[in-house]
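Undergrad:
Numbering (the working numbering), first residue to last: 979 to 1149.
#1: Could I get the ranges of all uninterrupted alpha helix (DSSP H) runs contained in the segment 1013 to 1051, with 4 residues as the minimum, in chain order?
#2: For residue 1144, I'd like the list of residues in its chain whose CB is within less than 6 Å of its CB, leaving aside the five on either flank, ordered along the chain.
#3: To the nearest whole angstrom, what separates the beta carbons of residue 1045 and residue 1099, a pair I think is in contact under 8 Å?
#4: Going by the CB atoms, is the gap between residue 1027 and residue 1108 shorter than 9 Å?
#5: Closest to residue 1136 by CA distance: which of 1077, 1014, 1043 is it?
#6: Determine whether the beta carbon atoms of residue 1117 and residue 1055 lie at a separation below 9 Å.
#7: Residue 1086 and residue 1101 - do their beta-carbons sit closer together than 9 Å?
#8: Out of curiosity, what's the CA-to-CA distance linking residue 1084 and residue 1034?
#9: Which whole runs of the beta strand (DSSP E) in the segment 1074 to 1124 are 3 residues long or more, in chain order?
#10: Counting pairs of beta carbons, one from the segment 1009 to 1025 and one from the segment 1063 to 1081, are three or more of them closer than 8 Å?
#11: Give the secondary structure of residue 1067 by DSSP, where H, G and I count as helix, E and B as strand, and everything else as coil.
#12: State the Cα-Cα distance for the pair residue 1139 and residue 1031, rounded to the nearest angstrom.
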């Protein structure tokens, strides 16, 4: 079985855009006692304030949003295609109605009791939250609001910026 190894945060880039768009990613916040996770296909990575940063987007109505607001750390995990059914489940069911902590074939691991990541992931970014910024309707172009928000009849996203403090990769 492959084990996680720590790499420099700046080395995280392998096929990044495809991983976000096609394979999705799992966002997790909380600790082993209580956490929630969700899938996402929107995210950005880069440098902000001279730090390696992950920016993820969570709808204000998502159960995970509460965990992101309350916790100072979160993880972003990438999985093999073999885990697509689990990612589908995590993305389609709310933690309000379904105990995601009980999903079989996902082994939760703790990062210094600050956040959770999963043994089955291939790559994991441990992030320290820097900023949470609500994407209000008035800030966005009309076409974006029409294409992405009117159809869902939901609130907009919050952009969470996190400093990538640890990059773990299976080797």
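Beta carbons are placed, not taken as given, at the ideal position from N, Cα and C, and that holds for glycine.
TA: Checking against the coordinates, here is how it stands:
#1: You should have 1041 to 1048.
#2: As a working mapping, residue 1144 is identified with position 166 in the chain shown. Apart from the 5 residues on each side of it in sequence, residue 1144 sits with its Cβ closer than 6 Å to the Cβ of 1104 in its chain, given in chain order.
#3: What you label residue 1045 is simply residue 67 of the chain shown in a count that begins at 1. What you label residue 1099 is simply residue 121 of the chain shown in a count that begins at 1. Contact flag wrong, Cβ pair sits at about 18 Å.
#4: As a position in the chain shown, residue 1108 is number 130, starting the count at 1. As a position in the chain shown, residue 1027 is number 49, starting the count at 1. Yes, the pair counts as a contact, with Cβ atoms nearer than the cut-off.
#5: Taking the first residue of the chain shown as 1, we reach residue 1136 at position 158. Nearest option by C-alpha distance: 1043.
#6: One-based indexing of the chain shown puts residue 1117 at position 139. One-based indexing of the chain shown puts residue 1055 at position 77. Cβ atoms of residue 1117 and residue 1055: not closer than 9 Å.
#7: Within the chain shown, residue 1101 is the residue found at index 123, counting from 1. Within the chain shown, residue 1086 is the residue found at index 108, counting from 1. In this structure, residue 1086 does not lie closer than 9 Å to residue 1101 by Cβ.
#8: Working through the chain shown from its first residue, we reach residue 1084 at position 106. Working through the chain shown from its first residue, we reach residue 1034 at position 56. Near 22 Å, if we compare the C-alpha coordinates of residue 1034 and residue 1084.
#9: Here the runs fully enclosed are 1086 to 1089, 1093 to 1096, 1101 to 1112.
#10: Judged by pairs of C-beta atoms under 8 Å, the segment 1009 to 1025 touches the segment 1063 to 1081, as three or more such pairs exist.
#11: Position 89 of the chain shown, counted from the start, is the residue given in the question as residue 1067. Helix.
#12: Numbered from its first residue, the chain shown carries residue 1139 at position 161. Numbered from its first residue, the chain shown carries residue 1031 at position 53. When the Cα atoms are used, residue 1139 and residue 1031 turn out to be separated by approximately 7 Å.
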